[in-house]
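Residue numbers (this note's numbering): 1 to 296.
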């Protein structure tokens, strides 16, 4: 029978419905077989190969693929992260108040270690979370046991069309080479009129390009493959079927990666840079948050 626990999951290969059988989800159409490990379906075409590739990545770049992501209070940018969280919470709260109910289906897409998944619970009747890294996904499941966690690749996303009311897609898109294809998948799984909250670094602007020029090694070692500006990211969203409600610039600091982390750990410094940055270089913030809706 079709799975009652995961009715919105689909085969990543052929997008047909899945049935739950003997600790796995199975596609009756293409015979795809997706094991459920510790309550988390591994919805990628070849789970063994996927994990082998990820294990190699963890060995090569452990900071990106293995090391724990520090919680808000443990980060040098904790004051900036708090402002980002509070902004997103205000957007979600406003939407829920307007509807007089929580989102029935909210997805934390690219959830990482679950630091954001924790506070997203407040706004969802059913909270879903996915990542392509099983190590990080397991941390999310441990931190937020009520979340429906599943392994998935955004370019072969195992979720039904028009199944999500809201998607939180936070600082993930800049890591994906085919960002247009990823945004098309986000649009596909959002209900018409559904809410997308997209966060990306604003590293294409001249201020943060200067930081990379000052430290070429950071450009060599980053796993960012896109360097967005507000113009670039809004054009890509429009191209993939979204209407833009607002673009919010957040976080200003010195164009020096090492110095930025050292001095913005102090609240008064972070606040001062924000006040000055908004006045004199409003387009040169470190982060962009785009509020968009799927076209009806």
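Idealized CB from N, CA, C, for every residue including glycine. Remember, predicted model here, so these are calculated numbers, not experimental data.
Taking 8 angstroms as the limit between beta carbons, can you name the residues of its chain near residue i, skipping five residues before and five after?
i           : result
residue 82  : 72
residue 45  : 12, 13, 32 and 156
residue 135 : 54, 58, 65 and 66
residue 282 : 249
Between residue i and residue j, what straight-line distance do the alpha-carbon atoms span, to the nearest angstrom?
i           : j           : result
residue 276 : residue 65  : 35 angstroms
residue 259 : residue 58  : 27 angstroms
residue 191 : residue 90  : 21 angstroms
residue 75  : residue 261 : 9 angstroms
residue 175 : residue 31  : 31 angstroms
residue 36  : residue 24  : 5 angstroms
residue 220 : residue 17  : 42 angstroms
residue 146 : residue 41  : 15 angstroms
residue 195 : residue 88  : 12 angstroms
residue 127 : residue 120 : 8 angstroms
residue 239 : residue 159 : 22 angstroms
residue 193 : residue 217 : 42 angstroms
residue 224 : residue 22  : 39 angstroms
residue 39  : residue 100 : 32 angstroms
residue 7   : residue 56  : 33 angstroms
residue 47  : residue 133 : 11 angstroms
residue 243 : residue 144 : 31 angstroms
residue 168 : residue 109 : 6 angstroms
residue 10  : residue 166 : 18 angstroms
residue 236 : residue 98  : 28 angstroms
residue 142 : residue 280 : 44 angstroms
residue 209 : residue 264 : 19 angstroms
residue 84  : residue 226 : 21 angstroms
Is the CB-CB distance between residue i and residue j below 9 angstroms?
i           : j           : result
residue 105 : residue 129 : no
residue 113 : residue 69  : yes
residue 107 : residue 164 : yes
residue 153 : residue 198 : no
residue 211 : residue 256 : yes
residue 184 : residue 245 : no
residue 151 : residue 50  : yes
What residue does the alpha helix (DSSP H) around residue i start on, and which one ends it?
i           : result
residue 172 : Element bounds for residue 172: n/a, residue is neither H nor E.
residue 296 : First-last for residue 296: undefined, no H or E at that position.
residue 271 : 267-280
residue 56  : 47-60
residue 118 : 115-120
residue 254 : No alpha helix (DSSP H) contains residue 254, which DSSP labels as neither H nor E.
Might you give, ordered along the chain, the residues of its own chain that have their beta carbon closer than 7 angstroms to the beta carbon of residue i, omitting 5 neighbours on each side?
i           : result
residue 285 : 202, 249, 250, 251, 252 and 277
residue 182 : 154, 155, 173 and 176
residue 63  : none
residue 214 : 255 and 256
residue 233 : 200, 288 and 290
residue 247 : 230, 234, 288 and 290
For residue i, which residues in the same chain have their Cβ closer than 6 angstroms to its Cβ, ignoring the five residues on either side in sequence?
i           : result
residue 140 : 111, 114, 117, 129 and 149
residue 229 : 204 and 205
residue 79  : 267 and 270
residue 241 : 187 and 295
residue 102 : 96, 123, 124 and 125
residue 274 : 252
residue 92  : 123
Verify the CB distance criterion: does residue i have a CB-CB separation below 9 angstroms to chain B?
i           : result
residue 220 : In the structure shown, chain B does not exist; there is a single protein chain.
Can you give me the start and stop residues for the beta strand (DSSP E) that residue i sits inside?
i           : result
residue 144 : No beta strand (DSSP E) holds residue 144; DSSP gives it neither H nor E.
residue 159 : Run containing residue 159: none; DSSP gives neither H nor E here.
residue 20  : 18-21
residue 200 : 190-201
residue 34  : 33-37
residue 24  : 24-27
Contact check, residue i vs residue j under 8 angstroms by CB: the rounded distance?
i          : j          : result
residue 19 : residue 29 : At roughly 11 angstroms, the Cβ-Cβ gap does not stay under 8 angstroms, so residue 19 and residue 29 are not in contact.
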